[in-house]
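Shown next, in structure tokens, is the structure this report addresses.
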Amino acid sequence: MGSDCGPGGSQSRAVWCAHVEGWTTLHTNCDQGQRPSNQRNCFRVCDWHKDLYDWQLGAWNVCVPVSARTLWASRPFTCSGGEEGIQTRVVGCILKSDGSQAEDAICEYFEPKPRLEQACLIPCPQDCVVSEYSPWTSCSKTCGTGLRNRVRSVLVPPLFGGSVCPNLTEFQSCKPGPCTGPEGMYSLRVGPWSPCALPQTRTARQVKRRKGKGQGLRERAGVKDPETRELIQKKRTRNRLNRQESPFWDIQVGYQTRDVTCIHRNGSAVGRNLCAPRDLPLTVQSCVLPKECQLTDWAVWGPCSKTCIDPESPVGKRTRSRKVVQFPVGEGADCTPLEESEMCEPQGEGVPPCATYTWRSTEWSDCRVDTLLSQQDRRRSNLTGLCGGGLQTREIYCVQANAELLKYLNDLKEKDKAGQTQRQQKPSVPPLLSITFQITASRPVENKLCKGPIPNRSQLCQIPCPIDCEVSPWGAWGPCTFENCDDQAGKKGFKLRKRQVTNEPTGGPGNCPHLVEAVPCDEPTCYNWQLVNLDQCVPDDEKPCGPGTQLAQVQCVNSNGEEVDRNLCTSYPAPEPVPCEVPCSRDCVLSDWTAWSTCSQTCSSKTIEGKQMRTRSILAYNAGEGESHLQTSVFCTVVAPSWSVSGGALCPNSSVLQEIRNCNEHACTVYHWQTGPWGPCTEDPSASTLNTSSGDGQGPCSMGMQTRKVICVRVNVGQVPPK
């Protein structure tokens, strides 16, 4: 199978039995149960397999230190700049179509196996580094018990598994002293911030005074250069225009206030001067005025995305949008969605059906064990003898499934639009032609129009290889028996040995070697099964009466009628169960068959034939339920009537109560072959000299020949001519 491709190939190797000292010996000296296989299946790779198989690369695993994979793994390691490591991954050969695993040897045929390991660098662990603590803060209380704290910051965060950072804040209780003065009697109460509001409008005099101060400040600043003053003026003008041209972001700055009240410990409000002035919080702060998002009205609905009728997805989608007038500022409400969509269906009459596309394929080609063999060597045109794994291919293309229907509808529209004159000049297509056009196959289109994955263009296949016939070893020689046990006149017999077919060949058992061998022997005898008795009749299907079977009790006997070992009769079929019948209460009852009578002739010729006969009789005629009329004589032949009294099984006619068969069918004049003993082995001069061999220095050996005398003998007469 050197030219085959794909699976189904085989590799063989020599296996022999060897002595422990190295020299070869007989196979029987080794344990046959432990013998290695001398043949295995294999995959033969061809060039076109490159499109079917490829390497699959797994992800790189975590970088493992080299020290962990060596004998020095327990030795302490000091990291200085990084540690060398190794990363591994899984690489395997797969079949592209389904991702199943394949042998690496297939992919290695086209390109080397990608590396499984690579070097890597493990950075040294970096512990967290923090600064020194800051000084302790002042006590939170001027009298009584308070708290103070100190903090530190992270200078270097932990990296690559380094130790985590410690706590960055420490607290400590403090007692400046007992509270004796008014400071412990009062505390500040801070209210919530008011909503953000615009400041009050200044008067014209305040604006003029403010403007005059600003101009004086600018003059004192020394900006006297006309060019610089012009640049500043242009920048201010540009900023003012930008604020006017950006209506989406109208930002206004306002202010917020809150109440700060000094409270006596009894809960009453007192003058703010009684509380510590250094702890007074802010009461006014700037803020951005919140503005909610403002949107325009919805625009009109756009066209429906579905412009044709599609039974699989009849509903399309249409959308409408709106724009932002004012973006949200501060804590203003966010903008709602600017676009919305809804389901829709194509409107109007005469909406055409949608174009649908589907994959089409040709029939699979015949299984080819070697697709490229006919191209590589055109002299080899007969590929019928190849077998094993092969490849089938087919063409895949995308077609418009309803192209003919759409064209037919378009043609009808064109006919409706055309005038009467145009219809007379260009007669319409006859109905038969239209039907013929609709069943015409559509042309292939671009593959991207078809949904779903492209079906496989190739698949593996198998051509069964011829199976040789295998037979079992020869069995033991059987007993010496006559060639024909019905004719035991001769004194010679035969011993047989047999073997069975263990592996049925491709062409049937006719291609197997012979399964039976015979050798002559002396003092032959015949063995056969002899019926001893029949078991009780058992009706079929567990019925109480009716047809059934009887098992035969047999024994093995020789030609003299003597019982022998049952194994001597194994080559003869054992008697099968005998049909019988258990009479029902309303049926006709018949006796068993008598034994066969003696044959009327000892042999047969053209004018004389031997006959044997047996009979049975009626024991009870058909009668009513529970009634039976028994015969007083059960061994005579009685003619039964053909009528029935009460509907039970009828008694048969007299012709059925007896049976006749032929016997002693052998010819009255008996001939048989008689053979003499084999003579000595003499050299055959016609044998080829190529068979001559020399073994162990004992001289030449060659093929020989033995002869014996074979004559035709007539019984009670003697030798006659061979004809």
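For the sequence shown, our numbering begins at 1 and goes up steadily by one. We put the beta carbon where it would ideally sit given N, CA and C, even for glycine. Values in this document were obtained by computation on a predicted structure and should not be read as measured data.
For I106, the enclosing alpha helix (DSSP H) covers residues D104 to E108.
R499 is not a Cβ neighbour of P539, given a cutoff of 8 angstroms. CA-CA distance, N533 to A552, rounds to 6 angstroms. For G146, the beta-bridge partners assigned by DSSP are C174. DSSP, reduced to helix, strand and coil, places K495 within a strand of the structure shown. Out of R322, C526 and C465, the CA that lies nearest to the CA of F482 is found in C526. Between the stretch 347–356 and the stretch 299–311 there are three or more inter-stretch CB-CB distances shorter than 8 angstroms, so the stretches are counted as touching. Taking a contact as a CB-CB distance under 8 angstroms, the pair C5 and C46 counts as one, their CB atoms being some 4 angstroms apart. The residue from P123, Q172 and G191 with its alpha-carbon nearest to that of L147 is Q172. Here the alpha carbons of S163 and Q294 stand approximately 53 angstroms from one another. Linking G85 to R318 through their CA atoms gives a straight-line distance of about 59 angstroms. Around the beta-carbon of D587, 16 or more other beta-carbon atoms lie within 10 Å, marking it buried. C-alpha of T570 to C-alpha of L590: approximately 35 angstroms in a straight line. Taking C-alpha positions only, P453 is separated from G508 by approximately 45 angstroms. DSSP, read as helix, strand or coil, puts Q658 in strand. Contact annotation: P123 and G82 have beta-carbon atoms nearer than 8 angstroms. Annotated three-state conformation of C42 is strand, per DSSP. If one requires a minimum length of 3 residues, the beta strand (DSSP E) runs lying completely within the stretch 511–577 are 516–522, 528–534, 546–550 and 552–557, in chain order. DSSP, read as helix, strand or coil, puts L412 in helix. Of all alpha-carbon atoms in V260, W673 and R368, the one lying nearest the alpha-carbon of L391 is that of R368. Here DSSP, grouped into helix, strand and coil, assigns N167 to coil. Judged by their CB atoms, C545 and P583 are nearer to each other than the 8 angstroms cut-off. Put simply, of C663, I618 and C681 the residue whose alpha carbon is nearest the alpha carbon of S655 is I618. DSSP places N29 in the helix class (H, G or I) of the three-state scheme. Within the DSSP secondary-structure output, E342 pairs in a beta bridge with R318.
Non-local C-beta neighbours of V288 in its own chain, meaning closer than 8 angstroms and more than five positions away in sequence, comprise C196, I251, Q252, V253, G254, V329 and G330, ordered along the chain.
With at least 16 other beta carbons inside 10 angstroms of its own, A102 counts as buried.
Assigned with DSSP and collapsed to three states, L121 falls in strand. About 7 angstroms separates the beta carbon of A269 from that of C262, a gap short enough to meet the 8 angstroms contact definition. Taking a 10 Å sphere around the C-beta of C681, we find fewer than 16 other C-beta atoms and assign the residue as exposed. The beta carbon of E581 lies closer than 6 angstroms to those of P547 in the same chain, with the five residues before and after it left out. In the three-state DSSP reduction, V66 falls in the helix class (H, G or I). Residue pairing by DSSP places H672 opposite V713 in a beta bridge. For V717, the closest C-alpha among the options Y671, L26 and G610 is that of Y671.
Out of T594, S600 and S585, the CA that lies nearest to the CA of A620 is found in S585. Residue pairing from DSSP places E470 in a beta bridge opposite N503.
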